[in-house]
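Enquirer: Here it is, the structure, as structure tokens.
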Amino acid sequence: MTLKEAQAERIEKEIWELSRFSAEGPGVTRLTYTPEHAAARETLIAAMKAASLSVREDALGNIIGRREGTDPQLPAIAVGSHFDSVRNGGMFDGTAGVVCALEAARVMLESGYVNRHPFEFIAIVEEEGARFSSGMLGGRAIAGLVADRELDSLVDEDGVSVRQAATAFGLKPGELQAAARSAADLRAFIELHIEQGPILEQEQIEIGVVTSIVGVRALRVAVKGRSDHAGTTPMHLRQDALVPAALMVREVNRFVNEIADGTVATVGHLTVAPGGGNQVPGEVDFTLDLRSPHEESLRVLIDRISVMVGEVASQAGVAADVDEFFNLSPVQLAPTMVDAVREAASALQFTHRDISSGAGHDSMFIAQVTDVGMVFVPSRAGRSHVPEEWTDFDDLRKGTEVVLRVMKALDR
Ligand SMILES: [Zn+2]
1009 MTLKEAQAER
1019 IEKEIWELSR
1029 FSAEGPGVTR
1039 LTYTPEHAAA
1049 RETLIAAMKA
1059 ASLSVREDAL
1069 GNIIGRREGT
1079 DPQLPAIAVG
1089 SHFDSVRNGG
1099 MFDGTAGVVC
1109 ALEAARVMLE
1119 SGYVNRHPFE
1129 FIAIVEEEGA
1139 RFSSGMLGGR
1149 AIAGLVADRE
1159 LDSLVDEDGV
1169 SVRQAATAFG
1179 LKPGELQAAA
1189 RSAADLRAFI
1199 ELHIEQGPIL
1209 EQEQIEIGVV
1219 TSIVGVRALR
1229 VAVKGRSDHA
1239 GTTPMHLRQD
1249 ALVPAALMVR
1259 EVNRFVNEIA
1269 DGTVATVGHL
1279 TVAPGGGNQV
1289 PGEVDFTLDL
1299 RSPHEESLRV
1309 LIDRISVMVG
1319 EVASQAGVAA
1329 DVDEFFNLSP
1339 VQLAPTMVDA
1349 VREAASALQF
1359 THRDISSGAG
1369 HDSMFIAQVT
1379 DVGMVFVPSR
1389 AGRSHVPEEW
1399 TDFDDLRKGT
1409 EVVLRVMKAL
1419 DR
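Going by the working numbering, the sequence shown opens with residue 1009, and the numbers climb by one from there.
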């Protein structure tokens, strides 16, 4: 049967409405279990009910609106995204996917669509980790990957734990186990998200068919030389830690440019000690953030970096140490879902291309328990996590059409 069309105006209205639920300051700041979160939650629940969905919340406050299917034995087909934000972020990151899911629910209702599988429309909490410093907590809970002790060990800057904050919010965080889904009750999960990068806009493409989500390695490099007087110590007698560190930064950049397969590397933080303008740098620490859709590329890159750091340090007569403190493997999305998204975009005659997500998403954890598909829509100038974040509402409508078509295809 044919579905009615998604409406950009309704998507626009709801995005603006949700953007108002923000703490003071520029952009959107909607942290988990705050009054802003509570206000957004109320609006979302009302919208779900208006779309004739039955609504429940899990232990951490993920909101699940459900449209029953004709075959109650079948696992659900779900669509959704997160509705928290970073501090002073934009109004589209996450929220766009939630609003488009709601629009899909409205279209289903208005079209009188008869679904075999139950359909679920999910609004996920705490994806950004802006309050409890642990990204994708809500998505990990859906995947059954949050340990009970994390409810106490994860605290905000005031020392309030997830358990305390969720309980005060009226939730039952102790019922974490019941939040976990499996392939037995979740056939598939589809997430529409803004690209948060410049590729789609630059290539004037309407839909990004996400094939993978990048893996991340975070390293700390410590270079130890010796601090001395900047005036009295001749150049050839110095153990300046910064000069070899600078060379290391340049070499990492060169390696990644050589790989040229979508792998990226960033030195975002560097400290120089003692840090006086008239002191030879004795110690330099810097971070390395490496991301790639290919596990093999990360492995090779890290091996190369380790060898290079050792060589550069020994040539400079300093000591250096590389320490890996974060490791998340890339996730390849289920080929059947990638195909379904691509076919939907083609059938709707939207321009599309395959794309790897450079940012992490709840989907990367939910992909551990069921088939996951992701639909990207363009971000103006590739900006995200800033108040200037923007996606055209008509692009969100197109994304919603893709989501609807994928749900229909999976339901067959
Ligand atoms: Zn997001």
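Backbone N, C-alpha and C define an ideal beta-carbon position, used for all residues, glycine too.
Could you tell me which of K1232, M1256, L1255, V1257 sits nearest to R1246, measuring between CA atoms?
Expert: Taking the sequence shown and counting its residues from 1, the one referred to as residue 1246 is at position 238. Measuring from the Cα of R1246, the nearest candidate turns out to be K1232.
Enquirer: Check whether the stretch 1084-1095 and the stretch 1164-1180 are in contact - that is, three or more C-beta pairs closer than 8 Å.
Expert: By the Cβ criterion, the stretch 1084-1095 is not in contact with the stretch 1164-1180, since fewer than three pairs of Cβ atoms, one from each stretch, lie closer than 8 Å.
Enquirer: How about E956 and S1030: are their beta carbons less than 9 Å apart?
Expert: Lying before the first or after the last residue shown, residue 956 is absent from the chain, which here runs from 1009 to 1420.
Enquirer: Could you name the residues of the same chain whose beta carbon sits closer than 6 Å to that of A1151, not counting the 5 residues immediately before and after it, in chain order?
Expert: Here residue 1151 corresponds to residue number 143 of the sequence shown, with the count starting at 1. Result list for A1151: F1373, I1374, Q1376, V1377, in chain order.
Enquirer: What number of angstroms, rounded off, separates the C-alpha of A1112 from the C-alpha of G1270?
Expert: Counting from 1 along the sequence shown, the entry for residue 1112 is found at position 104. Counting from 1 along the sequence shown, the entry for residue 1270 is found at position 262. A1112 and G1270 have their C-alpha atoms spaced approximately 32 Å apart.
Enquirer: Note down, in chain order, each residue of its chain lying with its Cβ closer than 6 Å to the Cβ of F1334, except the 5 sequence neighbours on either side.
Expert: Stepping through the sequence shown from its first residue, residue 1334 is reached at position 326. For F1334, where only same-chain residues beyond five positions count, the Cβ hits under 6 Å are A1226.
Enquirer: Taking the continuous beta strand (DSSP E) assigned at R1064, which residues delimit it?
Expert: Residue mapping note: residue 1064 aligns to position 56 of the sequence shown, counting from 1. Per DSSP, R1064 belongs to the beta strand (DSSP E) from 1062-1065.
Enquirer: Got a sec? Which residues, its chain only, sit under 6 Å from F1127 by beta carbon, not counting five neighbours each side?
Expert: The count along the sequence shown starts at 1 and reaches residue 1127 at position 119. The answer, listed in chain order, is R1075, I1085.
Enquirer: When the Cα atoms are used, what is the spatial distance from L1418 to R1028?
Expert: In the sequence shown, residue 1418 corresponds to position 410, counting from 1. In the sequence shown, residue 1028 corresponds to position 20, counting from 1. Taking the straight line joining both Cα atoms gives about 35 Å.
Enquirer: Check whether the Cβ of Q1212 sits closer than 8 Å to any heavy atom of ligand 3, and report yes or no.
Expert: Ligand 3 is not part of the structure shown, which contains ligand 1 as its ligands.
Enquirer: Under a three-way DSSP split, which group does R1234 fall into?
Expert: Numbered from its first residue, the sequence shown carries residue 1234 at position 226. In this structure, R1234 counts as strand in the three-state DSSP scheme.
Enquirer: List in chain order: all unbroken beta strand (DSSP E) runs of 3+ residues lying wholly within the stretch 1258-1302.
Expert: 1272-1274, 1278-1281, 1291-1300
Enquirer: Assign E1101 to buried or exposed, taking buried as 16 or more other Cβ atoms, counted over all protein chains shown, within 10 Å of its Cβ.
Expert: For the purposes of this step, residue 1101 is taken as residue 93 along the sequence shown, with counting starting at 1. The sequence as given places Asp at residue 1101; Glu does not occur at that position. Buried, by the Cβ-count rule.
Enquirer: So, at 7 Å on beta carbons, what are the nonlocal neighbours of A1327 in its own chain, with the 5 sequence-adjacent residues on each side left out?
Expert: Mapped onto the sequence shown, residue 1327 falls at position 319. Cβ within range, chain order: K1232, A1321.
Enquirer: Among all the DSSP beta bridges, which residues are the ones paired with A1328?
Expert: On the sequence shown, position 320 is the one that residue 1328 refers to. DSSP output for A1328 lists V1231 as bridge partner(s).
Enquirer: Out of A1348, P1386, A1048, V1063, state which residue places its alpha-carbon closest to the alpha-carbon of V1414.
Expert: Along the sequence shown, one-based indexing puts residue 1414 at 406. Among A1348, P1386, A1048, V1063, the Cα nearest to that of V1414 is on A1348.
Enquirer: Select from N1123, G1290, E1203, M1256 the residue whose C-alpha is nearest the C-alpha of T1274.
Expert: For the purposes of this step, residue 1274 is taken as residue 266 along the sequence shown, with counting starting at 1. Among N1123, G1290, E1203, M1256, the Cα nearest to that of T1274 is on M1256.
Enquirer: Where does M1382 fall in DSSP's three states?
Expert: Here residue 1382 refers to the residue found at position 374 when the sequence shown is read from its first residue. The answer is strand: DSSP assigns M1382 an E or B state.
Enquirer: In chain order, which alpha helix (DSSP H) runs of at least 4 residues are fully inside the stretch 1152-1217?
Expert: 1158-1161, 1170-1176, 1184-1187, 1207-1210
Enquirer: Assuming V1317 and V1330 form a contact by the criterion Cβ under 8 Å, report the distance between their Cβ atoms to the nearest whole angstrom.
Expert: Against the sequence shown, residue 1317 aligns to sequence position 309. Against the sequence shown, residue 1330 aligns to sequence position 322. That pair is a contact at about 5 Å.
Enquirer: Could you check if A1021 is buried or exposed, using at least 16 other CB atoms within 10 Å of its CB as the buried criterion?
Expert: Translated into the one-based positions of the sequence shown, residue 1021 becomes position 13. The sequence shown places Lys at residue 1021, rather than the Ala named in the question. Classification of K1021: exposed, given that the 10 Å Cβ count is below 16.
Enquirer: From the DSSP output, in three-state form, read off E1423 for me.
Expert: Because the chain spans 1009 through 1420 in this model, residue 1423 falls outside it and cannot be assessed.
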